[in-house]
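The first sequence begins at 1 in our numbering and counts up by one.
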Amino acid sequence: MSQFWKPGTERPRLVDDEEGGVLLYTTSSSSSSGFGYGSLEKQRQRLPVYKYKTAILYSVETHATTIIVGETGSGKTTQIPQYLKEAGWAEGGRMIACTQPRRLAVQELTRVKFLTDGVLLREMMDDPLLSKYSVIMVDEAHERSLSTDILLGLLKKIQRRRPELRIIISSATIEAKSMAAFFNTRRRREEEQGPTKEPAILSVEGRGFNVEIFYVDDPVSDYVRSAVSTVMSIHDQERMGDILVFLTGQDDIDTAIQLLTEEAQSSGKQGLVSVPLYSGLPRADQDLVFSPTPRGKRKVIFSTNIAETSLTLEGIVYVVDSGFSKQRFYNPISDIENLVVAPISKASARQRAGRAGRVRPGKCFRLYTEDYFSNEMSVVGIPEIQRSNLVSCVIQLKALGIDNILGFDWPASPSPESMIRALEVLYSLGVLDDDAKLTSPTGFQVAEIPLDPLISKMILASCEFGCSEEIITIAAVLSIQSIWIPVRGVQKQLDEAKLRFAAAEGDHVTFLNVYKGFIQSNKSSKWCHKNFINYHAMRKVIEVREQLKKITQRLGIGLKSCEGDIQTIKKAITAGFFANAARLEPFSHNGMYKTLRTSQEVYIHPSSVLFRVNPKFIVYHSLVSTDRQYMRNVITIDPSWLTEAAPHFYQKQLHSSFPQ
DNA sequence: GAGCACTGC
Numbered sequence: 001m002s003q004f005w006k007p008g009t010e011r012p013r014l015v016d017d018e019e020g021g022v023l024l025y026t027t028s029s030s031s032s033s034g035f036g037y038g039s040l041e042k043q044r045q046r047l048p049v050y051k052y053k054t055a056i057l058y059s060v061e062t063h064a065t066t067i068i069v070g071e072t073g074s075g076k077t078t079q080i081p082q083y084l085k086e087a088g089w090a091e092g093g094r095m096i097a098c099t100q101p102r103r104l105a106v107q108e109l110t111r112v113k114f115l116t117d118g119v120l121l122r123e124m125m126d127d128p129l130l131s132k133y134s135v136i137m138v139d140e141a142h143e144r145s146l147s148t149d150i151l152l153g154l155l156k157k158i159q160r161r162r163p164e165l166r167i168i169i170s171s172a173t174i175e176a177k178s179m180a181a182f183f184n185t186r187r188r189r190e191e192e193q194g195p196t197k198e199p200a201i202l203s204v205e206g207r208g209f210n211v212e213i214f215y216v217d218d219p220v221s222d223y224v225r226s227a228v229s230t231v232m233s234i235h236d237q238e239r240m241g242d243i244l245v246f247l248t249g250q251d252d253i254d255t256a257i258q259l260l261t262e263e264a265q266s267s268g269k270q271g272l273v274s275v276p277l278y279s280g281l282p283r284a285d286q287d288l289v290f291s292p293t294p295r296g297k298r299k300v301i302f303s304t305n306i307a308e309t310s311l312t313l314e315g316i317v318y319v320v321d322s323g324f325s326k327q328r329f330y331n332p333i334s335d336i337e338n339l340v341v342a343p344i345s346k347a348s349a350r351q352r353a354g355r356a357g358r359v360r361p362g363k364c365f366r367l368y369t370e371d372y373f374s375n376e377m378s379v380v381g382i383p384e385i386q387r388s389n390l391v392s393c394v395i396q397l398k399a400l401g402i403d404n405i406l407g408f409d410w411p412a413s414p415s416p417e418s419m420i421r422a423l424e425v426l427y428s429l430g431v432l433d434d435d436a437k438l439t440s441p442t443g444f445q446v447a448e449i450p451l452d453p454l455i456s457k458m459i460l461a462s463c464e465f466g467c468s469e470e471i472i473t474i475a476a477v478l479s480i481q482s483i484w485i486p487v488r489g490v491q492k493q494l495d496e497a498k499l500r501f502a503a504a505e506g507d508h509v510t511f512l513n514v515y516k517g518f519i520q521s522n523k524s525s526k527w528c529h530k531n532f533i534n535y536h537a538m539r540k541v542i543e544v545r546e547q548l549k550k551i552t553q554r555l556g557i558g559l560k561s562c563e564g565d566i567q568t569i570k571k572a573i574t575a576g577f578f579a580n581a582a583r584l585e586p587f588s589h590n591g592m593y594k595t596l597r598t599s600q601e602v603y604i605h606p607s608s609v610l611f612r613v614n615p616k617f618i619v620y621h622s623l624v625s626t627d628r629q630y631m632r633n634v635i636t637i638d639p640s641w642l643t644e645a646a647p648h649f650y651q652k653q654l655h656s657s658f659p660q
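Written out as structure tokens, the structure reads:
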């Protein structure tokens, strides 16, 4: 492994601090306490990454791939693309790309493009070699999101065809070596021309302060209770400073806040302000997290993983880490994605602890034992690609002309079962042909629409059925987490509000009613409030719908309304979701259904307008599994539509399921 | 009568 630095500058340091204990954040001076005055240039020079400018540029010049190990706050994301531009990498009509797993609000430099991994993947559909870019920087690669992994695999391929392309991968310490191994394409005694193929690793320190770590002596049986009592003792014994508590979901968070309020009341403790934080929270409530803590008070933020990567909170001095988060797991045999509370990795634990050291030295209280951390916790989490349904991923690779999906060189390979399942689903949708090639035009069109292929297929079908106006609304609503406001204690009112829009045909049609009402109200937030509808979610529906409208126009498909012909709408939905059909068990007293495809026991989700209605045949949008398998968002269908929509899928194997 | 970590086009 090679490292380069310029004599006279500080030698780059390869951090290797995978052990627990005090985090090895190094911070050079008091300069980290803010920018003070001075020119913009001076400010840039004070960022930790500045010291490595020459080393980074030298490495990029001489290496095909450079891996930058950098802690948060080093300034790498904003500065490195700028250094590259100043060094001439954006000259001669070339550009620099910097990708993130999430959207980022950064200033757009000319000839430097900040974009998400997913968007860059989309760009490859028009420009497979990404030929307009001279350097591509993949930021936060250690998060191993689905799109990041696909992108890394493709970049490695592109590098073979474009030796002049430079890749920068910014990653946390723990992943750096495996990234380097993945991109090391150098063969022994190979005559090297141009940049060396062996990746360089550079390490840049962050701006964080030391965080002292504490563990519990014995395993805790109830992390919510334990988190609350830890908060109480921090409040008792530690100096002022806000507390961030990592829990797994809304339920945990609500319970914890209730417990804390009770305990503070019964013990007469004052000065604690609890704030919940999770993605489903209405915007106004989320903003409370950022409001300054009143003088003499201590803010306690109870958060999901959203505070681990997506949001940065200022003023946190104490972190309480439950050691758990909700994670998605996919079972290719049952074709079901589950959200499960699972132990986090050491990498996550480090990231969480680091949240305590942004303003001054902090403390992190881990609600698990040191022995557990050292001996049982996995070093890194399972990459998303090994925990997901791969239908979207496979169609994207197919669209990029990658035929041998099973032989693709991944940073981490998904299971063959998942890939085969994805191929089967795409085949049944008519997107792939017998040779596993994209069909024309359906396959290419579905690949062009950046949504779940089942949804894309539904949209294409709606054009034939003449109900695309309605279907793109439904597609937009389905891509939003929830349009209802999550409210505890006023469940009854929410249910009543829902009834105002409920359609006998099911949830999708109900969504259409909500959308119509929202438009008729002139997109009023008051109207949303009155009807327990999430205003921001509805704005988002409008936005996504506009995008879908543009995409359909680009595909040369006109929008058309079916003017209230609901049966047509349901047929279009069935054309995409025929595989998700279920039939009510005869004589079932508890609403048990069986899926037509695999005879799995499933139930209508209590949030559905068809809950307790239990029609004989239904099609569902997705399954969510807890103690039971629940079907979310269902519509009634006529079973004959299934054979109409997918004769190849149903005629052979399942005709015996149909009573009529 | 249950629950939804996150993200994107």
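All C-beta atoms, glycine included, are put in the ideal place defined by N, C-alpha and C.
Exposed unless 16 or more other CB atoms sit within 10 angstroms - verdict on residue i
i	result
Phe183	buried
His605	buried
Ile519	exposed
Val379	exposed
Asp139	buried
Lys670	Nothing can be reported for residue 670: it is not among the residues displayed for the chain, which extend from 1 to 660.
Thr626	exposed
Met240	exposed
Ile554	Inspection of the sequence shows that residue 554 is occupied by Arg rather than by Ile. Answer is exposed; the Cβ neighbour count stays below 16.
Arg352	buried
Gly271	exposed
Lys363	buried
Leu406	exposed
Asn590	exposed
Own chain residues within Cβ distance below 8 Å of residue i, not counting five before or after
i	result
Ile483	Val477, Phe511, Val514, Ile533, Asn534, Ala537, Met538 and Val541
Leu288	Val275
Glu143	Pro101 and Thr309
Close-in-space but distant-in-sequence residues of the same chain around residue i (CB under 6 Å, 5 per side omitted)
i	result
Asn531	Ala497
Arg350	none
Ser29	At Ser29, the pLDDT of 32 sits below 50, so the modelled position is not reliable; the number obtained from the coordinates is stated separately. No residues qualify anywhere along the chain.
Ala645	Thr574, Ala575 and Phe578
Val60	Thr66 and Arg166
Tyr215	Arg366, Thr369 and Glu370
Ser608	Asp507 and Val634
Ile449	Ser456 and Ile551
Distance between residue j and residue i (C-alpha atoms, nearest Å)
i	j	result
Pro639	Leu559	27 Å
Ile557	Leu426	22 Å
Ala502	His508	10 Å
Arg166	Val119	19 Å
Tyr58	Arg628	57 Å
Ala342	Arg44	40 Å
Leu454	Ser388	16 Å
Leu129	Gln481	34 Å
Phe324	Leu244	14 Å
Phe114	Ser147	15 Å
Ile96	Thr65	14 Å
Leu84	Ala90	7 Å
Ile213	Glu238	14 Å
Option in the options with minimal Cα separation from residue i
i	options	result
Lys177	Tyr630, Gly401, Glu198 and Ser440	Glu198
Ala582	Ala353, Ser608, Val634 and Ala436	Val634
Phe408	Ser599, Ile150, Ala349 and Gln445	Ile150
Lys51	Glu61, Leu40 and Ser74	Ser74
Ser334	Leu460, Tyr650, Ser622 and Glu464	Ser622
Cys133	Asn614, Gly153, Ile158 and Ser145	As written in the sequence, residue 133 is Tyr, which differs from the Cys given in the question. Among Asn614, Gly153, Ile158 and Ser145, the Cα nearest to that of Tyr133 is on Ile158.
Leu277	Leu109, Asp252 and Glu263	Asp252
Arg328	Ser374, Asn338 and Tyr650	Asn338
Arg162	Ser171, Ser131, Ile168 and Ala172	Ser131
Asn305	Gly315, Val619 and Asp321	Asp321
Leu400	Leu642, Val602 and Arg122	Arg122
Met592	Val135, Met631, Ser561 and Ala436	Met631
Same chain, Cβ closer than 7 Å to residue i, five either side skipped, listed in chain order
i	result
Ser226	Val220 and Leu367
Quiz prompt | Segment contact flag, the segment 93 to 106 with the segment 226 to 234, C-beta cutoff 8 Å, min 3 pairs | solution = Contact fails: fewer than three Cβ-Cβ distances are below 8 Å.
Quiz prompt | the segment 206 to 226 touching the segment 352 to 370, judged by at least three CB pairs closer than 8 Å | solution = Contact holds: three or more Cβ-Cβ distances are below 8 Å.
Quiz item: On the three-pair Cβ rule with 8 Å, is the segment 386 to 401 touching the segment 415 to 425?
Solution: Cβ pair count under 8 Å is three or more, so yes.
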